[in-house]
Amino acid sequence: MFVGIDVSATRGFDVAVVDDDRRLVLLAKAKTLEATAVIAQGLPKESVVAVDAPPGPSRGLVPGGKRYRVAEEELHRMGVSLYPVPPDEATAASWMREGFALFEVLAKAGFPVFFDGAARQGVSFECYPHLTYRTLAGASRGSLSKIEWSRAALRRRVAGVPKDATQDELDAIAAALTAWFFAHEQFVGYGDPREGVIIAPAPDERDEGPLAPDQLALAIDAPTAAILASDTTTKETPFAQRVLRFVANIPPGRVATFGDVARACGKATGARAVGTILAAHPFEVPTHRVVDANGRPSPVYGGGPERQLERLTAEGVRVDGGKVDLKESRWRA
DNA sequence: CGTCTGACTGCCC
DNA sequence: TGGGCAGCCAGAC
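FYI, the numbering for the first sequence is 160 to 492, going by the working numbering.
Here it is in structure tokens:
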């Protein structure tokens, strides 16, 4: 089985499983690391697990005392940006720390991290869905929204992708697909093996896509399936999920405007709706990192706008005259 | 369903 | 610089 896991610090783990014919056989959300561990333990030994998160901190191998990883350096040179992993675990973003923990769980379940050498089964590795999409759909996203672009990249590569899949789910499927390419010796790795590599597909030119017609079937043992079934509620709409995922990924010390979030989530004029969604999830994502187009905090932020600015100040954001310096602190994903 | 409201924006004074 | 205002989208009846 080829397994993909999308990690979110606040909303748990999305898990996708693809079989050898590239049919999606399982798509579910596990809210906790423990639930994910149960899934991992139920996997066949010869599975390959791809995770959208780093396995460990930077080892400082980039010349010049840089703090990020070699993989980030290499991808940056290719025009692919990703949030850098710091050398010290304590300052890593919470979703990164979830990733570190997940890789430990996977190792215990019989899937140690792959560092280099020939592809083999019974391993886990880091992937980056954005990079996978880029390889499969082309570098330019054009006028497509992120989710449309993601879906286009997976079309004809994986059978059985639900029409209403969220971005989290698509990312998990992209990870599972990356595991498939890895196991079929069609992959490239970025980074230094001593530190950890990011794996991306390198599709064979003769690649003809999934071999079987669309169909969904559970191929996991019953106890695991039962746990998944009880843990699969996703009440948010796809747009709301994208918004929450995006905001969850704004790093400490950076901010985004409501309009930035709306644009990144595929609805350029949906800034107001972003506010609606954040208001409904005040504790699940770092909403203090979202400010208006002038850099001002929300008048109705829990605890007051001053509290929001305090939190930002504590993260190192410069605040002046009741507003943040957007030029300096704005985050571009 | 239709209608209303809001952690928004850009544009016009 | 700042207030008014129309347009916008998701969520709540």
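Even for Gly, the Cβ is constructed at its ideal location relative to N, Cα and C.
Would a C-beta distance cut-off of 8 Å place residue i and residue j closer than the cut-off?
i: Leu261; j: Leu192; result: yes
i: Val207; j: Ala333; result: no
i: Asp451; j: Phe398; result: no
i: Glu469; j: Arg477; result: no
i: Pro214; j: Glu307; result: no
i: Ala209; j: Ile357; result: no
i: Ala342; j: Phe161; result: yes
i: Glu248; j: Pro203; result: no
i: Pro360; j: Leu329; result: no
i: Leu350; j: Glu233; result: Leu is not the amino acid found at residue 350; the sequence shown has Gly there. Cβ distance < 8 Å, so Gly350 and Glu233 count as in contact.
Would you mind giving the Cβ-Cβ distance between residue i and residue j, rounded to the nearest angstrom? I have them listed as a contact below 8 Å.
i: Gly461; j: Pro441; result: 5 Å
i: Val402; j: Glu257; result: With a Cβ gap of about 20 Å, Val402 and Glu257 do not count as contacting.
i: Val459; j: Leu471; result: Wrong, their Cβ atoms sit about 16 Å apart, outside the cutoff.
Roughly how many whole angstroms lie between the Cα atoms of residue i and residue j?
i: Pro245; j: Ala187; result: 30 Å
i: Ala230; j: Phe405; result: 22 Å
i: Arg228; j: Asp275; result: 16 Å
i: Thr383; j: Gln200; result: Per-residue confidence for Thr383 stands at a pLDDT of 31, beneath the threshold of 50, marking its modelled position as unreliable; the derived number appears in the next sentence. Each residue's alpha carbon lies about 9 Å from the other.
i: Leu290; j: Ala251; result: 21 Å
i: Asp173; j: Arg466; result: 33 Å
i: Arg422; j: Val414; result: 14 Å
i: Arg315; j: Arg182; result: 11 Å
i: Val420; j: Ala430; result: 7 Å
i: Cys424; j: Lys305; result: 7 Å
i: Pro222; j: Ala311; result: 38 Å
i: Ile436; j: Ala175; result: 26 Å
i: Gly219; j: Lys322; result: 42 Å
i: Ile409; j: Phe340; result: 30 Å
i: Pro362; j: Pro352; result: 22 Å
Which one or two residues does DSSP pair with residue i in a beta bridge?
i: Leu471; result: DSSP output for Leu471 lists no bridge partner at all.
i: Gly244; result: The residue you asked about is not Gly; residue 244 is Val in the sequence shown. Val244 pairs with nothing; no bridge assigned.
i: Glu285; result: Val210, Ile357
i: Ile164; result: Val174, Val210
i: Val449; result: Ala415
i: Phe346; result: Pro360
Meets three-Cβ-pair contact criterion under 8 Å: the segment 195-203 and the segment 232-241
no
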